[in-house]
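Asker: Protein chains in written order, with the working numbering: chain A, 1 to 143; chain B, 1 to 194. Quick reminder that beta carbons are idealized off the backbone N, C-alpha and C, glycines included. Pasting a structure below so you can have a look.
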């Protein structure tokens, strides 16, 4: 009964995070955003989304009844879980880098090119890893 | 003159959508700071994911999840998440990640973890056992004995988790500072883009 709402929430949270990180990657890359404020706002949403993804992900697994790690499906799940651990490990560094940068940067000044490049790379890497996780999720869902 | 400057800065801030630069000002505006929210969610997610990874790698994940109702699982996760947020907020209100030593932060993490561990156990007990006790299915003395032993174990497990989480938090905070580009160095040296 709860499986469909949980699955829907999982997909929506992932879509929001992939969309948000891709927009920030592109915006910092081409200079459309010159402040840290939009990224700071997004980071609140990002971590809320991570929490939602984790509990809905486990809810999905409970509904599916995962086979053991020796099967192809189990190996793919192992890779996906490792990817998610890597994603949150990289993301926490990105968020803290942003916080430390915003504590340091002058609020009315444009970002330095080096910081903009760093943020662009960080959001780009996050989006790329999340897209990889989406591909693994597709494999798990449809074979 | 100074007042005009303040008005101009205030208007500039409103139009640009920029936040004040100081972490303390932001922390006052919300019940938790972005650093607290980030590290608490990171710790919770990592704690749960490593448990799931270990269970899956050992082949016991299906059995573990088979006995878990989805809504109960969501409630347990949210309760755990809230405890992590409260524990990390408690630590950050007492010690600063910037200036405090590793041992001070680790000590606070251990203390907060042990309290959170006991609180987690008590929450589960309250939900699972109170209805059973009310219906007379279990003797109160037996429950108290189990609760006492369980609280001791939960405090130890919580303190270990708190210690590891605080050390990890310090490490990622330091790494973020290390990866942060030098302030303003390229503003002077990099050629302007056409």
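Name the two residues that bound the continuous alpha helix (DSSP H) containing residue 133/B.
Answerer: 102 to 134
Asker: Applying a beta-carbon distance threshold of less than 8 angstroms, which residues of chain B neighbour residue 47/A?
Answerer: 37, 38, 41, 42
Asker: Indicate whether residue 170/B and residue 95/B have their beta-carbon atoms separated by less than 7 angstroms.
Answerer: no
Asker: Of all the options 124/A, 77/A, 71/A, which has the alpha carbon lying nearest to the alpha carbon of residue 53/B?
Answerer: 77/A
Asker: Would you tell me roughly how many angstroms separate the C-alpha atoms of residue 101/A and residue 133/A, rounded to the nearest one?
Answerer: 28 angstroms
Asker: Applying the criterion that 16 or more other CB atoms from any shown protein chain within 10 Å of the CB defines a buried residue, is residue 138/A buried or exposed?
Answerer: exposed
Asker: What three-state label does DSSP hand residue 98/B in the structure shown?
Answerer: coil
Asker: Which residues bound the alpha helix (DSSP H) around residue 105/A?
Answerer: Residue 105/A -> no alpha helix (DSSP H), and no H or E assigned at all.
Asker: Between which residues of its own chain and residue 138/B is the CB-CB distance below 6 angstroms, once the five residues before and five after are set aside?
Answerer: These residues qualify, in order along the chain: 132.
Asker: Quick check on DSSP: helix, strand or coil for residue 159/B?
Answerer: helix
Asker: In or out: residue 43/A buried (at least 16 other Cβ within 10 Å) or exposed?
Answerer: buried
Asker: Return helix, strand or coil for residue 35/A, following the three-state DSSP convention.
Answerer: coil
Asker: Using a Cβ-Cβ distance cut-off of 7 angstroms, determine whether residue 133/A contacts chain B.
Answerer: no
Asker: Quick one: list the residues of chain A neighbouring residue 173/B, beta-carbon separation under 7 angstroms, in chain order.
Answerer: Within chain A, the residues near residue 173/B are 96.
Asker: Is the CB of residue 55/A under 7 angstroms away from at least one CB in chain B?
Answerer: yes
Asker: In angstroms with no decimal places, state the Cα-to-Cα distance between residue 154/B and residue 128/A.
Answerer: 39 angstroms
Asker: Below 8 angstroms on the Cβ atoms is my guess for residue 50/A versus residue 41/B; work out the distance and round it to an integer in Å.
Answerer: 6 angstroms
Asker: Starting from residue 70/B, find everything on chain A with Cβ-Cβ shorter than 8 angstroms and list it in chain order.
Answerer: 2, 3, 6, 59, 62, 63
Asker: Nearest CA to the CA of residue 119/B: which residue from 136/B, 99/B, 148/B, 177/B?
Answerer: 148/B
Asker: Below 8 angstroms, how does it come out for the region 67 to 78 of chain B and the region 77 to 90 of chain A: are there three or more Cβ pairs, yes or no?
Answerer: no
Asker: Assuming residue 111/A and residue 35/A form a contact by the criterion Cβ under 8 angstroms, report the distance between their Cβ atoms to the nearest whole angstrom.
Answerer: 7 angstroms
Asker: Evaluate contact between the region 20 to 30 of chain A and the region 114 to 130 of chain A, counting only Cβ atoms and requiring at least three cross-stretch pairs below 8 angstroms.
Answerer: yes
Asker: Give the residues of chain B in contact with residue 77/A, contact being defined as C-beta atoms less than 7 angstroms apart.
Answerer: The answer, in chain order, is 56.
Asker: Just tell me which of 92/B, 173/B, 142/B has its CA closest to the CA of residue 89/A.
Answerer: 173/B
Asker: Report the rounded CA-to-CA distance for residue 141/A versus residue 30/A, giving the unit in angstroms.
Answerer: 36 angstroms
Asker: With 7 angstroms as the threshold, decide whether the Cβ of residue 3/B is near any Cβ in chain A.
Answerer: Model confidence at residue 3/B stands at a pLDDT of 40, short of 50, so the residue's coordinates are unreliable and nothing is read from them.
Asker: Reducing DSSP to helix, strand and coil, say where residue 24/B ends up.
Answerer: Only weak support is given to the placement of residue 24/B: the predicted model assigns it a pLDDT of 43, under 50, and the value that follows is read from those uncertain coordinates. Helix at residue 24/B.
Asker: What number of angstroms, rounded off, separates the C-alpha of residue 123/B from the C-alpha of residue 158/B?
Answerer: A straight line joining the alpha-carbon of residue 123/B with that of residue 158/B spans about 14 angstroms.
Asker: If you measure beta-carbon to beta-carbon, which residues of the region 150 to 169 of chain B are closer than 7 angstroms to chain A?
Answerer: none
Asker: Is residue 73/B near the ligand ZN - that is, is its Cβ less than 6 angstroms away from at least one heavy atom of it?
Answerer: Judged by which ligands are present, the structure shown has none, so any question about the ligand ZN falls away.
Asker: Along chain B, in chain order, which residues have C-beta atoms closer than 7 angstroms to that of residue 115/A?
Answerer: 181
Asker: Quick one: using the 10 Å Cβ neighbour count with 16 as the cut-off for buried, is residue 51/B buried or exposed?
Answerer: exposed
Asker: Locate the alpha helix (DSSP H) running through residue 69/A, then write down its first and last residues.
Answerer: Premise fails: residue 69/A is in no alpha helix (DSSP H) and is neither H nor E.
Asker: Considering only C-alpha positions, which residue in the set 55/A, 70/A, 37/A is nearest to residue 72/B?
Answerer: 55/A
Asker: Between which two residues does the alpha helix (DSSP H) containing residue 51/B stretch?
Answerer: 34 to 57
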